[in-house]
Amino acid sequence: MTDAPARLVVEADGGSRGNPGHAGYGALVRDPDTGRILVEKAAYIGKASNNVAEYSGLVSGLELAREINPTASVHVKMDSKLVVEQMSGRWQIKHADMRILAAKARKVLDPRRVSYEWIPRERNKDADRLSNEAMDAGMAGVEWKPRAQAAPMAAIEPDPAPTAPRPAGRLHHVEVWTGDLAGSRESLGWLLERLGFPQRESWRDGTSYGSDDFYVVLESGPDLAAGHHERRCPGVNHLAFHAGSRADVDLLVRRAASHGWSLLFPDKHPYAGGAGHYAAYLENAEGFEVELVAR
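Sequential numbering of the sequence shown, starting at 1, is according to UniProt numbering.
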């Protein structure tokens, strides 16, 4: 494309639950000038090792970049030290499967136009999210689908003019205090990301998920009083989220079981909220409840 960026950034990741086990990869292409994700892809690849999944993500990311602009210079960012060092030529590739994939990656684009950088996992969260979505979908026996189709290059335009201020009364954020921050990140954080609330900020005593318009904070720390959460006591009982179609809700329930969630009111599911109200009620180990509502 004549208007395609001359420089592109590829971010890729892969994972395996069992190593070898159920494996998948995620890859995306980003415009380095705007930071915008131009296209993303994820796929389940069956039983494989972490390294094979990571290499598969690299190959897919380079192929995506080639589709956007086959003559662009490409900078690859991955949290796999092994792949980065091997593709940079500093480490030998001993495993046969990885040699095949490395050779395939070098054929996608001219290696002289591709550079590699290792980044810590927390800076590779978009590709990591995609690879986990691929594994979740594959293990559930469904096809991975992107949250939203990336806009074609021709549709990329400058940001629109500022809009009028939002009316007062909208929720700004919700703050959840937890006695088990690591557990909450694994359960609540995982669920929030799958509901469209990407990790926003992270610090020693907390993590936020969402955007400037609305976000959810999980926080712990020295000011937290002793005791445990009890949703049936006076106070907030649970958080409820729109979760897509009925099939989307069902898939989330299946996936949530491996992230610390259990189904509430199983004898009435999925109509525990009443006839015609299709929803899932989940509870994590700390007693926090969420409701996933189908449209």
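Quick reminder that beta carbons are idealized off the backbone N, C-alpha and C, glycines included.
Asked                                                                                                                                          : Found
Where does I68 fall in DSSP's three states?                                                                                                    : helix
Measure the Cβ-Cβ separation of R295 and S258 and say whether it is below 8 Å.                                                                 : no
I'd like the list of long-range same chain contacts for I93, defined as Cβ closer than 7 Å, with 5 residues on each side in sequence excluded. : Q86, R99 and A102
What is the residue span of the beta strand (DSSP E) that R254 lies within?                                                                    : From DSSP, R254 is part of no beta strand (DSSP E) but of the alpha helix (DSSP H) over R246 to A256.
Identify the residues that DSSP records as bridge partners of W203: which are they?                                                            : G206
Name the residue from R255, W177, E230 and A48 whose alpha carbon lies nearest to the alpha carbon of V142.                                    : R255
Determine the contact status of L62 and L109, defining contact as a CB-CB distance below 8 Å.                                                  : yes
So what does A280 bridge to, in DSSP terms?                                                                                                    : L292
Would you give the residue range spanned by the beta strand (DSSP E) that W177 belongs to?                                                     : H173 to W177
Rounded to a whole number of angstroms, what is the C-alpha to C-alpha distance between A127 and G26?                                          : 5 Å
Can the beta-carbon of V52 be found less than 8 Å from the beta-carbon of A96?                                                                 : no
Closest by CA to P5, which one among P20, H75 and D13?                                                                                         : H75
Would L218 pass as a contact of R185 if the rule is Cβ separation under 8 Å?                                                                   : yes
Of all Cβ atoms in chain D, is any one closer than 8 Å to the Cβ of V216?                                                                      : Although the question refers to chain D, the structure presented lacks it and comprises just one protein chain.
State yes or no: is the C-beta of H269 within less than 8 Å of the C-beta of A285?                                                             : no
Using the Cβ count rule (16 or more neighbours within 10 Å means buried), how would you classify D250?                                         : buried
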